[in-house]
Each structure stands twice: as structure tokens, then as C-alpha cells.
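Numbering (this note's numbering), first residue to last: 3 to 59. Note that beta-carbon positions come from the ideal geometry of N, C-alpha and C, so glycine has one too. Note that this is a predicted model, so its numbers are computed, not measured.
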């Protein structure tokens, strides 16, 4: 049985902002174990909700 020691093989982050002032991020990463070459892929979507923008006058 391998005691996995994972390293990042590839990763990608995408941020998006909509006309309704809604902000979020999509994050995906691929990891590999340097001992047994096991490959794992993870994805996560982070939704920060609505961002209020105040005018500075």
C-alpha cells in the first residue's frame, strides 16, 4: 500500500463576474502521487455572492 505524496500536475482558475454583480470562481486541479503515479482530479466552485460597489464622490 502506497503512502501517497501528491504533487500538482496541472491547475486552472476561472473567475467570473456577471451584470448582476455576482462573483464566483471555478478551480480545478490534477494531482499525481510521486511514488505510485496515482492521478486525482478535483474541481470546486466558489460562489462569493453579490458584491456591492459604492461610488466614491
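In the DSSP assignment, residue 23 falls outside any beta strand (DSSP E), carrying neither H nor E.
DSSP lists 30 as the bridge partner or partners of residue 45. Here residue 42 has 33 as same chain residues with Cβ atoms under 6 Å from its own Cβ, once five neighbours each way along the sequence are excluded. In its chain, beyond the 5 residues on either side, 27 and 29 have a beta carbon closer than 7 Å to the beta carbon of residue 15.
Distance check between residue 52 and each of 10, 19, 11 and 7 places 19 closest, using alpha-carbon atoms only.
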